[in-house]
């Protein structure tokens, strides 16, 4: 795909969709500087390009340029196609910053557009546990278990929420091996 995008850009150097796709391609290859270059070129053509802003946010988050990542995700959230993902990424940043109230705000907004967003539910479970709101955290874990009963994160978070030998065993027993 990269060769196709590069050949397209030789003919049409400012073709925004190809620039955005190439930025994502370089991001997925962990070539963050090149990804940032193409994301920036995308945004120089169209400041509000959803995919360009999303990749811009992803790359800057990886490069630890957090204000730029927040900016990219915030603009991306105006697009229905990327809204849930952008809000989830913003929530994740606020968890890292230990700003649990803002993380809850964005994770909840993400769920407004994708009610089965596992990452947003995980963020809410962690934040509510960190805030000492164990009943709400338990509700989030129940929602996670309903969506995916095999989810190790939910079992571990249940152990952290109610540490006991029973929850520890439930977490450990969730890992099985097909071989004898």
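Numbering (our numbering), first residue to last: 54 to 233. For glycine and all other residues, C-beta sits at the position ideal for the given N, C-alpha and C. Because the structure is a prediction, the values reported are computed rather than measured.
Nearest-angstrom beta carbon gap, residue j and residue i [assumed within contact, 8 Å]
| i | j | result |
| --- | --- | --- |
| residue 175 | residue 197 | 7 Å |
| residue 177 | residue 157 | 6 Å |
| residue 125 | residue 113 | 6 Å |
From the options, residue whose alpha carbon lies closest to that of residue i
| i | options | result |
| --- | --- | --- |
| residue 135 | 109, 187, 116 and 118 | 109 |
| residue 166 | 228, 140, 152 and 150 | 140 |
| residue 200 | 222, 173 and 179 | 173 |
| residue 70 | 80, 217, 95 and 84 | 95 |
| residue 68 | 86, 102, 125 and 87 | 102 |
| residue 127 | 76, 178 and 100 | 100 |
| residue 180 | 153, 216 and 149 | 153 |
| residue 205 | 222, 189 and 137 | 222 |
| residue 93 | 81, 111 and 83 | 111 |
| residue 228 | 213, 192 and 207 | 207 |
Item checked: Contiguous alpha helix (DSSP H) assignments of at least 4 residues, all confined to the region 132 to 202 -> Fully enclosed alpha helix (DSSP H) runs of 4 or longer: 136 to 149, 153 to 166, 171 to 183 and 187 to 200.
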